[in-house]
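Residue 28 in full-length UniProt numbering is what sits at position 28 of the sequence shown, and the numbering runs on without skipping anything.
The beta-carbon is built from N, C-alpha and C at its ideal position, and this holds for glycine as well.
Structure first, commentary second.
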Amino acid sequence: MSDKTIWTKTIRSMRNTLKEMKDEGELSCEEYHDYRMKAKGNFFRRNVAFMKTHIEQEKAKKLRLEELKSQAAALKVEK
């Protein structure tokens with residue numbers, strides 16, 4: 001297979017996965033667009049698994065930040 005064919009199949013599978021995640025409500029429209037552009041720019045080098053792992057890590061990071069913000073707000077109220 002040529003490099004172009006491999007790239008086409010890879011990017012199509014990534015886009016399909018992103019579309020499914022968006023339809024299931026795992027990604028917002030903004031996140032979908034951001035990850036689609038990253039896939040186009042070859043941020044996720046080889047496979048869909050890396051992309052999913054990256055998305056899960058980003059979500060965990062956002063949840064952690066929200067928890068820290070709520071804890072900081074609670075500490076401000078106590079003082």
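Is it the case that the Cβ atoms of residue i and residue j are separated by a distance below 8 Å?
{"i": "A39", "j": "R15", "result": "yes"}
{"i": "T17", "j": "M51", "result": "yes"}
Would DSSP call residue i helix, strand or coil?
{"i": "R46", "result": "coil"}
{"i": "S13", "result": "helix"}
{"i": "M21", "result": "helix"}
{"i": "E26", "result": "coil"}
{"i": "S70", "result": "helix"}
{"i": "M51", "result": "helix"}
{"i": "M37", "result": "helix"}
Under a Cβ-count criterion, where at least 16 other Cβ atoms within 10 Å of its own Cβ denotes burial, should residue i be classed as buried or exposed?
{"i": "M37", "result": "exposed"}
Measure how close the beta-carbons of residue i and residue j come, nearest whole angstrom, since I'm counting them as under 8 Å.
{"i": "H33", "j": "F44", "result": "Actually they are not in contact, since the Cβ atoms of H33 and F44 sit about 15 Å apart, beyond 8 Å."}
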